[in-house]
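Worksheet: one structure, shown below.
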């Protein structure tokens, strides 16, 4: 793997950039792997990366039916935060956030982690109490957050209207080391590092069946032929239900459309991420200058990657009220992704009824921020059979009502 | 009697050819029951002088009306000071049948919207087809106006009566007024 | 942006007049029931990519719940019907078969 | 130089001069000009700077596809960045400034990037700025952000208004060119409800500019005649300046009407967002000309050939005196001929095709224009504007053959149908090898709710680039759409278009075909984002083989034009680099909107006071008039407290508590939900909904009830009153009325549909007023009326009667622990009743109180609050409410769930009272710290605070909380978090701090 640096770029510039290698190798499937991971999104690639890096498991294939990073990894609003209320959530999201801090260096790929700070606005008394609760919890969880007042909100984000007539801003939960990253780069950086470790990333390869023998996984059938494996990880987000179906078990998951949009680019005007949950909208400004805006989730099952327009309308309405200056900006593009929602809106990282099959799904609207932590934890679970980070995220927790419910504070699981 | 006021307390507005007016205190009764029952039909006739309406229709009007709200629900319209006794009469007449009659006069507000492009004022706010050819006089539609539930019926070519919950009467009036002020669209 | 016909009032209802209510034809399991059945009742959903049956309420209209048969991959609507039933009407099932031969959803086909 | 010709310009009115400014310079245009045409008329060739290299940029197109000519427009409340000059109509007083440069358009420091371009290839930022770590956030990123970003941010509140409109049509025709007009007319004749929309200000599209013939008539005449017929049809609605923005599922189409952008002084909304439900949508959206990829194709003065023609014919503007036309198809010859006929010089038509063109080429030659077949542009000369071109062989590597001096280059790389709207909702494309373009695949259309095709592409948008095919296709689409929508009225015959015989185009994706790296790195694909042929090739080399990868890696097509000019050239370049066919590479996904639409239009009328509904009680106006400090509760705004002049909110709350506890307080409780439940099965039904036994409640009595969901968690609580044998009145929380009503209807309609129960939400029928405090009875009795004595109306009973003249239903219930009456009167009498109570209470020291006082009093009394003690994960057992769970019932919603092991776990946190040792108030949300850390290194906890207040009654902090084994640990002291490394000690106590015996509420 060619090392990336300013010097390498300068050297290549002098020879018309002819020396750059493929970022990841083109691979055809071998007959057998120790581990097959279905889904080359951020979570799948990160799982592979940490299997190799932390556990020395490198005979790994990552199968992708489309192009890597092309699902929710490449269509989210790139927010990274770990200010979650419940201990298990805070643990895995903070692990993730802390890995993001050094990910560019670890991968030798600039994923542009920008810890510009994330604030979640409190606009009702109830929200104030909810976020104060989260701040207290975060203090004990080792997550750096603080509840700040409206003046500080205005100072950090001058374009906000803190004295709106309907829902004045009463404060915010502030995580100074939250932020954003370049979503595609996260997938590409992991893919490049996996490939460098000798793993096979096989794109345009759809899994059509899961082969089992005596309750244990033995391989998968794909559009590129059968492939054997000892362990199998299903990491396909919105399509996890289809996978589980192939493997012969059910998951407490539903697939829904989630939407986002960007404005045309403007000069920098907002250096923090703002989430306004009472009015349902969140916004940040990308390095290109676009205002990146997250919308709501449809309430019905959908596999089309298209959502209903009224969510866009509701979100834009909320943000025009919160940031009046965006009224005269224009929506450049809107899109949708299919998210997998569990019964408690928290993810599943778990063994399954089939020996050797593991699932990593249910990240719902909040998966991007979790990519490194999810990969780290999943790799540990697969390599060692257990991980403290995944302990509470079992697929069987719903049976006894042992939820990890983040909606209990004023927070939402974006 | 203590002083009784409608939610909009007589509010009025006009914009171009459109006028908006609080219809004032209106007697309204939610009647739930078997709409096919002879007893119910007779009781409705007696109460407001109207037959049980067809689906999505308003029989009569502000002076005495029966509107189809759902397969087992009518909205009866009468004078405000008659509502309580009408409820009692209905309950007595339908004693033997499973039914519900509740006075909701004060839970609602009624706004009269009048003018050449009244349908357009509504079509700015409601996801309903208000084309005059397809929304005839006497049609009643329960739908959404902006962000709240509402119903309206068309009492003549240029007039709609809009019903909404009392608590959002100002919001609905403001919405209608803003839509009227923005002018005609030229569709209908 | 879906449009579903309300089987009660006949309105071609815009999605913004409706509220979605998840999977249809769930069988309730109460006290004393098996934990697997109860888990299935509360959490396990078909979530199919294809023919699906689901609940909707004409929330801004007549207030009634109804059921819809819809394809989650194309959003085609095969039909709507009143909620007071434990299974899809036969005529609807046949209509789906005409368009999606071999479809299966739980025990229905 | 570019200039206005002495004559011509079909869209401008030379009698109406218009004054405007650009970068502060005063210019003159004419009514009918676009800003782009007016700038060109004033020789303003350079109009902006590109995104990455800050290269000089000039107008390149004449329509919605323009990537370069973006300006800041207006000022203050009407300021708007990134306005496309080509679609902005000029008006008197228009003020525009150019974007993305410092200090000025002519001299831009950022242009240094163009010299560094070799160091800034596609994806350079992924490979650089990795070390040292903090530099990304604090040095590199701010620099990159500042140099990107295009337009300035608006500062002021938007001064304009917006609106929506819901339309329902049989046939929506998008695009007012000849195909759209033919389609609309035919659908209209068939009797369909038709809406025809056109994004520009005039009808007819390219056909009129090109002067083609239809049915023997000039296109202009045909358009006029057709419009005339359309205008007489009552079933057809025609809208100009209305763009089809997006096609969504089930025939939902978003259209964006710009009502006042061209006449800002007019009243009314600025934009109208149409939400259209169309049975069938016809996309007659035309085609967009493609640039050619040759070195220097981004120099100002290089334009699309069709744009040069548009400026000439529509606006009487010549972009240059000497225009070299470079093409791979016949259409560009029209530009040469038009220029020639206006007396302008065309030194050469450079046609990449060795065999050259058809009839139009012959006409050009006949006119004496030099045509150079098989030739290409090797490089364009000039910096801030074109000074000449060097020619070479298309087939070669670019060896210069000759130089031609010119000040404009008109290029045409062929045409691409506008397939965006076809594609938004799943319509697929097929590659047309003959015409080198993607066109809608009629066999794979977007389908609607009925599973049938819902979009029909027509005309050039459907790949019929010639007049005859386009207009016939439009006509057929109109007929088909009307028929599919159920209209089969009498229609006409297809209009006949006439075309010159054309030679086949030659796909040319790079000019010359063997261009060197030096040339490829100067051949632009995406003018705004500075993506060149070499960048896409590098992406392919590095394995970014999917078209989506290549797009994202290079940013091709991600600019404000969303790749309208660049996408096809980019993916052809990619396919060449990968050595696969273009259809194998495929296209990126087309997403709405077609061109950007204002956020204001999306929000519509819902701004300021209309942002969200505010629900008001009958007494709301009084609260407002009397200085209430409001808090939002759901959509209600409830008084939090009633501070007096000079009094802080906190002090007001303390006063309200003290006064209510010693005298009497008045609470507007109208927001509490009230649901009437009636019928033979109502008791049975309520027994299922509540955890308690409700059916046994005697008539006249009240009972506090709890509701859980099927997961066992508490969702609501409130007092239930038995009204008569078959009727109960259920109170819900303030936010709960609609939710619980829906919950009841759900169970009644979908599970127990054979039970005879009706529910009605009568919340707003009543004004409900709490008269609370030791003197409550005195106040009410002073009004006269019904007997409210302890004997006649004991605690937890209700009665109907008169208070004064008011029709009242009186509930003796208490959420404060005081003697308390909740009185419901008809809402229409609510305000009068409130006033009467205030007057009657004057002598007793009556004061209104708000929600915070209510909260403190209930906390002093140890009452739980849904949303404080509960958070969606709390079961009644956690709150020691076992007494409210009937042991006699076999079933209620949530009962099965509460049998699960996690719910019966003895280590669930349970509710207790808490008292700090130092009398301070435990902070909201504080956690009780446990011993040690968990497996993830997080500090263990053993409880948390759920309600915490300073109690003015007790003069110290009190709280409730959920604590591990709490009820068994009375008297124990535990530590709560207070701040960073600060804790506060609190003792576990009984949760009832006030009047444990209940003497006051029973009084």
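Chains as they are written, first to last, in my numbering: chain Z, 1 to 414; chain W, 10001 to 10188; chain D, 20001 to 20109; chain R, 30001 to 31003.
Cβ coordinates follow ideal geometry from the N, Cα and C atoms, glycine included.
For this session: Mark residue 30174 of chain R as exposed unless 16 or more other C-beta atoms lie within 10 angstroms of its C-beta, in which case mark it buried.
Result: Sequence index remark: in the fourth chain, residue 30174 of chain R carries index 174 (1-based). Residue burial annotation: residue 30174 of chain R is buried, with at least 16 other C-beta atoms found within 10 angstroms of its C-beta.
For this session: Would you mind sorting residue 30112 of chain R into buried or exposed? The rule is 16 or more other CB atoms within 10 Å of its CB.
Result: For the purposes of this step, residue 30112 of chain R is taken as residue 112 along the fourth chain, with counting starting at 1. Per the 10 Å Cβ criterion, exposed.
For this session: Could you tell me whether the Cβ atoms of residue 30461 of chain R and residue 30335 of chain R are closer together than 7 Å?
Result: Walking along the fourth chain from the start, residue 30461 of chain R turns up at place 461. Walking along the fourth chain from the start, residue 30335 of chain R turns up at place 335. With a cutoff of 7 Å on beta-carbon distance, residue 30461 of chain R and residue 30335 of chain R are scored as not near each other.
Exercise. How would you call residue 30143 of chain R, buried or exposed, if buried means at least 16 neighbouring beta carbons within 10 angstroms?
Worked result: Position 143 of the fourth chain holds residue 30143 of chain R. When all chains shown are included, residue 30143 of chain R counts as exposed.
Exercise. Would you report the Cα separation of residue 30036 of chain R and residue 30006 of chain R, rounded to the nearest angstrom?
Worked result: Sequence index remark: in the fourth chain, residue 30036 of chain R carries index 36 (1-based). Sequence index remark: in the fourth chain, residue 30006 of chain R carries index 6 (1-based). Between the alpha carbons of residue 30036 of chain R and residue 30006 of chain R lies a gap of roughly 18 Å.
Exercise. In chain D, what lies closer than 7 Å to residue 30711 of chain R by C-beta?
Worked result: What you label residue 30711 of chain R is simply residue 711 of the fourth chain in a count that begins at 1. Those within 7 Å of residue 30711 of chain R in chain D are 20042.
Exercise. With which residues is residue 30157 of chain R paired in a DSSP beta bridge?
Worked result: Taking the first residue of the fourth chain as position 1, residue 30157 of chain R is located at position 157. According to DSSP, which records beta bridges pairwise, residue 30157 of chain R is partnered with nothing at all.
For this session: Quick one: grab the DSSP three-state call for residue 10040 of chain W.
Result: The residue labelled residue 10040 of chain W in the question sits at position 40 within the second chain. DSSP places residue 10040 of chain W in helix when its eight states are reduced to three.
For this session: Mind listing the chain R neighbours of residue 20033 of chain D? Cutoff is C-beta to C-beta under 8 Å, in chain order.
Result: The count along the third chain starts at 1 and reaches residue 20033 of chain D at position 33. Per Cβ cutoff of 8 Å: 30896.
Exercise. If residue 68 of chain Z and residue 203 of chain Z are in contact, beta carbons under 8 Å, what's the gap, nearest whole angstrom?
Worked result: Reading the first chain from its first residue, position 68 is the one you call residue 68 of chain Z. Reading the first chain from its first residue, position 203 is the one you call residue 203 of chain Z. About 6 Å; that satisfies the 8 Å criterion.
Exercise. Could one say the Cβ of residue 10050 of chain W lies closer than 7 Å to chain R's Cβ atoms, at least one of them?
Worked result: Translated into positions along the second chain, residue 10050 of chain W becomes position 50. Not closer than 7 Å to any Cβ of chain R, the Cβ of residue 10050 of chain W fails to qualify, so no.
Problem set entry | Selection from R/30650, R/30276 and R/30686 that minimises the alpha carbon distance to residue 30756 of chain R | Against the fourth chain, residue 30756 of chain R aligns to sequence position 756. Closest by alpha carbon: R/30686.
For this session: Using only alpha-carbon positions, find the residue among Z/313, Z/244, Z/126 and Z/59 that is nearest to residue 30946 of chain R.
Result: Position 946 of the fourth chain, counted from the start, is the residue given in the question as residue 30946 of chain R. Considering only alpha carbons, the answer is Z/126.
For this session: Apply the 10 Å Cβ neighbour rule to residue 3 of chain Z and answer buried if 16 or more other Cβ atoms are within range, or exposed otherwise.
Result: In the first chain, the residue the question calls residue 3 of chain Z occupies position 3. With a threshold of 16 other beta carbon atoms within 10 Å, residue 3 of chain Z falls short and is exposed.
Exercise. What's the C-alpha gap between residue 30568 of chain R and residue 133 of chain Z?
Worked result: Taking the fourth chain and counting its residues from 1, the one referred to as residue 30568 of chain R is at position 568. Taking the first chain and counting its residues from 1, the one referred to as residue 133 of chain Z is at position 133. Distance between the alpha carbons of residue 30568 of chain R and residue 133 of chain Z: 53 Å.
Problem set entry | Enclosing beta strand (DSSP E) for residue 10029 of chain W [first to last residue] | Counting from one through the second chain, the residue named residue 10029 of chain W turns up at place 29. Where residue 10029 of chain W is concerned, the enclosing beta strand (DSSP E) stretches over 10026-10032.
Exercise. Residue 30690 of chain R: which of R/30819, R/30666, R/30665 and R/30720 sits nearest, CA to CA?
Worked result: Here residue 30690 of chain R refers to the residue found at position 690 of the fourth chain. The shortest Cα separation from residue 30690 of chain R among R/30819, R/30666, R/30665 and R/30720 belongs to R/30720.
Exercise. Of all the options R/30311, R/30399 and R/30764, which has the alpha carbon lying nearest to the alpha carbon of residue 30675 of chain R?
Worked result: If you number the fourth chain from 1, residue 30675 of chain R lands on position 675. That would be R/30764, whose Cα lies nearest to the Cα of residue 30675 of chain R.
Problem set entry | Inter-residue CB distance, residue 305 of chain Z and residue 30592 of chain R (contact presumed, cutoff 8 Å) | Position 305 of the first chain, counted from the start, is the residue given in the question as residue 305 of chain Z. Position 592 of the fourth chain, counted from the start, is the residue given in the question as residue 30592 of chain R. With a Cβ gap of about 13 Å, residue 305 of chain Z and residue 30592 of chain R do not count as contacting.
Problem set entry | Residue span of the beta strand (DSSP E) that contains residue 119 of chain Z, given as start and end | Position 119 of the first chain, counting from 1, holds the residue named residue 119 of chain Z. Note, residue 119 of chain Z: beta strand (DSSP E), 118-122.
Exercise. Which bits of chain D does residue 398 of chain Z rub up against, with CB to CB less than 9 Å?
Worked result: As a working note, residue 398 of chain Z is residue 398 in the first chain. Around residue 398 of chain Z, the beta-carbon contacts reaching into chain D at under 9 Å are 20039, 20042, 20043 and 20044.
Exercise. Mapping DSSP to helix, strand and coil, what is residue 10161 of chain W?
Worked result: One-based indexing of the second chain puts residue 10161 of chain W at position 161. Strand.
For this session: Report the three-state DSSP secondary structure of residue 31084 of chain R (helix, strand or coil).
Result: Nothing about residue 31084 of chain R can be read from this structure; chain R reaches only from 30001 to 31003.
Exercise. Are at least three pairs of beta-carbons, each pair with one atom in the region 10151-10168 of chain W and one in the region 30187-30199 of chain R, less than 8 Å apart?
Worked result: The answer is no - the region 30187-30199 of chain R does not touch the region 10151-10168 of chain W, with fewer than three Cβ pairs under 8 Å.
Exercise. The alpha helix (DSSP H) with residue 30661 of chain R in it runs from where to where?
Worked result: Within the fourth chain, numbered from 1, the residue matching residue 30661 of chain R stands at position 661. It spans 30649-30662 - the alpha helix (DSSP H) in which residue 30661 of chain R sits, taken as one unbroken run.
Exercise. Are the beta-carbon atoms of residue 30303 of chain R and residue 30378 of chain R separated by less than 7 Å?
Worked result: Counted from its first residue, the fourth chain places residue 30303 of chain R at position 303. Counted from its first residue, the fourth chain places residue 30378 of chain R at position 378. No.
Exercise. Name the chain W residues whose beta carbon is nearer than 8 Å to that of residue 30676 of chain R?
Worked result: Translated into positions along the fourth chain, residue 30676 of chain R becomes position 676. Going along chain W in sequence order, the residues near residue 30676 of chain R (Cβ under 8 Å) are 10100 and 10102.
Exercise. Buried or exposed: where does residue 30699 of chain R fall if 16 or more other Cβ atoms within 10 Å of its Cβ makes it buried?
Worked result: Taking the fourth chain and counting its residues from 1, the one referred to as residue 30699 of chain R is at position 699. Note on residue 30699 of chain R: under 16 other CB atoms within 10 angstroms of its CB, so exposed under the neighbour-count rule.
Problem set entry | Proximal chain D residues relative to residue 250 of chain Z, where beta-carbon distance stays under 7 Å | Mapped onto the first chain, residue 250 of chain Z falls at position 250. By Cβ distance, chain D contributes 20044.
For this session: Kindly list, in the order they appear in chain W, the residues whose Cβ is closer than 7 Å to that of residue 20063 of chain D.
Result: On the third chain, position 63 is the one that residue 20063 of chain D refers to. Ordered by position in chain W, the residues that pass the 7 Å Cβ test against residue 20063 of chain D are 10070.
Problem set entry | 7 Å Cβ cutoff, residue 144 of chain Z in contact with chain D | Here residue 144 of chain Z is taken as the residue at index 144 of the first chain, counted from 1. Output row for residue 144 of chain Z: interface = no.
Exercise. Of all the residues that make up the region 30588-30617 of chain R, which are near chain W by a beta-carbon distance shorter than 8 Å?
Worked result: So the close ones are 30605, 30606, 30609, 30610, 30612, 30613, 30614, 30615, 30616 and 30617.
Problem set entry | residue 10121 of chain W versus R/30025, R/30165, R/30160 and R/30483, residue with shortest Cα-Cα distance | The residue given as residue 10121 of chain W occupies position 121 in the second chain. For residue 10121 of chain W, the closest C-alpha among the options R/30025, R/30165, R/30160 and R/30483 is that of R/30165.
Exercise. Is it buried or exposed for residue 30341 of chain R, if we count other Cβ within 10 angstroms and need 16 for buried?
Worked result: Counted from its first residue, the fourth chain places residue 30341 of chain R at position 341. Counting Cβ neighbours within 10 Å, residue 30341 of chain R comes out exposed, since fewer than 16 surround it.
Exercise. In three-state terms, what does DSSP make of residue 194 of chain Z?
Worked result: Taking the first chain and counting its residues from 1, the one referred to as residue 194 of chain Z is at position 194. In the structure shown, residue 194 of chain Z sits in a helix (DSSP, three-state: H, G or I).
Exercise. Are the region 30572-30591 of chain R and the region 30549-30564 of chain R touching, with three or more C-beta to C-beta distances below 8 Å?
Worked result: Here the region 30572-30591 of chain R makes contact with the region 30549-30564 of chain R; the two share three or more CB pairs at distances below 8 Å.
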